[in-house]
Every structure is written in structure tokens, then in C-alpha cells.
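Notes follow once the structure below has been shown.
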Amino acid sequence: METEQKLLYALRRGERGAGRQLYTRYSGRLMAVALRYMGNGDDAADVLQDAMVRVLTSINRFEYRGEGSLSAWMTRITVNTALNQLKHRQPAALEELPEMAKEDDETDNPTADVPPEELTRMIGSLPDGYRTVLNLYVFEGMTHREIALRLGIKESSSASQYFRAKRMLQQKIKEYINPTNRHREEKI
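Last residue of the sequence shown: 209 in the working numbering, with the numbers rising by one and none dropped.
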């Protein structure tokens, strides 16, 4: 497999097949990112397509900074594309929620017992606002202040949505690991 730098050079020269090679090399990873934000395959595929168009149309403005920088840049474009689509799809999904008292949460989160595909599905099933904040906080490493600025919400709303997303995800993991609890709770 070619290095990122060689692939970038081929793209900039307009070499035949370079775009396809870029897509083949990165589409799986970028689709996983889009799926984490969008929650379903159709919407994630739309994000991936839009992101790839943006990548290809702005490749000449990309500044190469070493192996991995192209992948990181493409991931940022995919995240931004997903966030833009979420804002246009349901602006109310990112609206502010009332502040919630923060609790010390020492609950174990045994994600190691959950296959990655199932965990991605669980994250995808969260409400849009929760899922968006969770992704930005956990996977993009943004602070609640940065998330609030990016989404146009209060910092406390970001923290509240993260807390609620985390709780909801913990419950889903708990039910996945021990499905008998779910049935017992449903009977009560």
C-alpha cells in the first residue's frame, strides 16, 4: 500500500485511479465515524459521500504534516459534515436541556464484553443530541466548552447531554451483557 504522501501526490497530479484508491483505503474508517454520529447506515452513507466530495475538491489546500495527517484531516471533514447534516436535519435535537445535577458515577462500564459492532449500534441508537455530544467528547476529545461553542449550546447542556448519553449507554450495555435483567425489569 502506498504511503499517504504518495497517494496525495497522485491525487494532486490527477492520476487515474487515485480517487478510487483514496476511497478504498479510507472509506471503511470514515463510514464508521459517520455511523457513530448519524445512527443509521443510509444517513452515514450520505455523510461519507458528501465528505469524500469535500475531500476531493479541497485536496490541493491540504497541508501534509506527516503520515497520518491525511487520515486525520479526512476524519475532521467527516465529523464536520455529520454535524452539519444533524443541524439541518433536526435543529431541535441539539437544543438545550435543563441542567442536571452531576452525580458521582462509579458504575463499571464493561465495554470489553461488547463487540465493537454492537457498541457502535448502541451509540447509534442514542437520541441525536446525546449521540453527538458523546462522540465529540469521547472520540474527538473535545471539552464541553468546545462542544458548546461548536453546537451553539450552553456548556452545562453539553455536560448534561453527555451525562444522559453515558447513562443510557451504560443501561444498554448492562442489558446486552445480562439480558435476563431486561426481562425481569419489563415484568415489574
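Glycine residues also receive a C-beta, built at the ideal position from the N, C-alpha and C atoms. Bear in mind that the values here come from a model prediction, so they are computed numbers and not experimental data.
Run the CB neighbour count on residue i, radius 10 Å, all protein chains shown included, and call it buried at 16 or more, exposed below.
{"i": "arginine 34", "result": "exposed"}
{"i": "threonine 99", "result": "buried"}
{"i": "lysine 27", "result": "exposed"}
{"i": "leucine 147", "result": "buried"}
{"i": "serine 181", "result": "buried"}
{"i": "serine 178", "result": "buried"}
{"i": "tyrosine 158", "result": "buried"}
In angstroms with no decimal places, state the Cα-to-Cα distance between residue i and residue j.
{"i": "valine 135", "j": "alanine 55", "result": "20 Å"}
{"i": "tyrosine 151", "j": "alanine 186", "result": "5 Å"}
{"i": "glutamate 167", "j": "leucine 43", "result": "30 Å"}
{"i": "methionine 49", "j": "glycine 38", "result": "The question names methionine, but residue 49 is glycine in the sequence shown. Rounded to the nearest angstrom, the two C-alpha atoms are 18 Å apart."}
{"i": "glutamate 23", "j": "tyrosine 30", "result": "11 Å"}
{"i": "glycine 60", "j": "asparagine 81", "result": "31 Å"}
{"i": "phenylalanine 144", "j": "arginine 57", "result": "For the sequence presented, residue 144 should be read as isoleucine rather than phenylalanine. Spanning the two alpha carbons is a distance of roughly 6 Å."}
{"i": "glutamine 192", "j": "phenylalanine 184", "result": "12 Å"}
{"i": "asparagine 130", "j": "glutamate 36", "result": "Only weak support exists for where asparagine 130 lies, its pLDDT of 45 falling under 50; the value from the coordinates is given anyway. Roughly 48 Å between the two C-alpha positions."}
{"i": "methionine 163", "j": "alanine 169", "result": "10 Å"}
Using only CA atoms, which one of the options lies nearest to residue i?
{"i": "tyrosine 197", "options": "Thr45, Asp149, Glu139", "result": "Glu139"}
{"i": "threonine 102", "options": "Tyr85, Ser90, Glu84, Met73", "result": "Met73"}
{"i": "serine 90", "options": "Met163, Tyr47, Leu157, Ser179", "result": "Tyr47"}
{"i": "glycine 293", "options": "Pro137, Leu107, Glu161, Leu32", "result": "In this structure the chain extends from 22 to 209, so residue 293 is not present and cannot be described."}
Handout entry: Runs of alpha helix (DSSP H) wholly within the stretch 139 to 195 (minimum 4 residues, chain order)
Key = Unbroken alpha helix (DSSP H) runs of no fewer than 4 residues, entirely contained in the stretch 139 to 195, are found at 149 to 155, 165 to 172, following chain order.
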